[in-house]
Amino acid sequence: MTITLNHTIVPAHNKVESARFYSRVFGFDYIGEFHHFIVVKVNDTLSLDFDTNENYGPHHYAFKVTEEEFDGIFERLKAENIPYGSGPFEPENMNINHNDGGRGVYFRDPGGHLLEMLTVDYKMP
Numbered sequence: 047m048t049i050t051l052n053h054t055i056v057p058a059h060n061k062v063e064s065a066r067f068y069s070r071v072f073g074f075d076y077i078g079e080f081h082h083f084i085v086v087k088v089n090d091t092l093s094l095d096f097d098t099n100e101n102y103g104p105h106h107y108a109f110k111v112t113e114e115e116f117d118g119i120f121e122r123l124k125a126e127n128i129p130y131g132s133g134p135f136e137p138e139n140m141n142i143n144h145n146d147g148g149r150g151v152y153f154r155d156p157g158g159h160l161l162e163m164l165t166v167d168y169k170m171p
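Here the sequence shown is numbered in the working numbering, starting from 47 and rising by one per residue.
This is the structure in structure tokens:
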């Protein structure tokens, strides 16, 4: 049996604004309201369920994308003037990284979560 992550809850100051941000920037399918969540479909097996919550610490979400997807998402970041950076401690230096022979970039969503987009898996020891 292959185990897959089905969904995760993403806390947000404004669940609709955050869900629309992910849909717009990443191109994810905006599903809309399900119970009290706002759902965005990442792929066939994973959804992000946004829930309004004023008391949370920022999380980190990393998305592996193809080179072509990277180009499209990166263009949308620039078109919306969203600050981005080459690392988790430099998320606004307006550079991308080339770690492990790929490309990567970090940026924040409207709720302050640190998002990462990378084209190759990190080499693990």
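Just so it is clear, CB atoms sit at the ideal spot from N, CA and C, and this is done for glycine as well.
- Query: Say the cut is 7 Å; is the CB of His105 nearer than that to a heavy atom of the ligand PLP?
  - Reply: Absent from the structure shown: the ligand PLP. Ligands present: none.
- Length of the line joining the Cα atoms of Gly73 and Glu100: Taking the straight line joining both Cα atoms gives about 26 Å.
- Item | Backbone CA spacing between Leu94 and Glu113 [nearest angstrom] | One C-alpha to the other measures close to 23 Å.
- Item | Backbone secondary structure at Tyr68 - three-state DSSP | Residue state, collapsed to three classes: helix.
- Query: Three or more C-beta pairs closer than 8 Å, one from the segment 96 to 110 and one from the segment 152 to 159: is that the case here?
  - Reply: Taking one beta carbon from each stretch, the segment 96 to 110 and the segment 152 to 159 have 3 or more pairs nearer than 8 Å; the two touch.
- Leaving out five residues on either side along the sequence, give the residues of the same chain with a beta carbon under 6 Å from the beta carbon of Leu92. So the qualifying residues of the chain are Leu51.
- Task: Counting only runs of 3+ residues fully inside the segment 97 to 145, write out the beta strand (DSSP E) ranges in chain order.
- Result: Fully enclosed beta strand (DSSP E) runs of 3 or longer: 106 to 110.
- Message: Our contact map puts Val119 next to Val71 with C-beta atoms below 8 Å; I'd like the distance itself, whole angstroms only.
- Response: Looking at the sequence itself, residue 119 is Ile, so the reference to Val does not match. Indeed, because the Cβ distance is near 6 Å, the residues count as touching under 8 Å.
- Using DSSP bridges, identify the partner residues of Thr165. DSSP lists no partner for Thr165.
- Please list, in chain order, all residues of the same chain as Ile142 whose beta carbon is under 8 Å from its beta carbon, the five residues on each side excluded. These residues qualify, in order along the chain: Phe120, Tyr130, Ser132, Arg149, Gly150, Val151.
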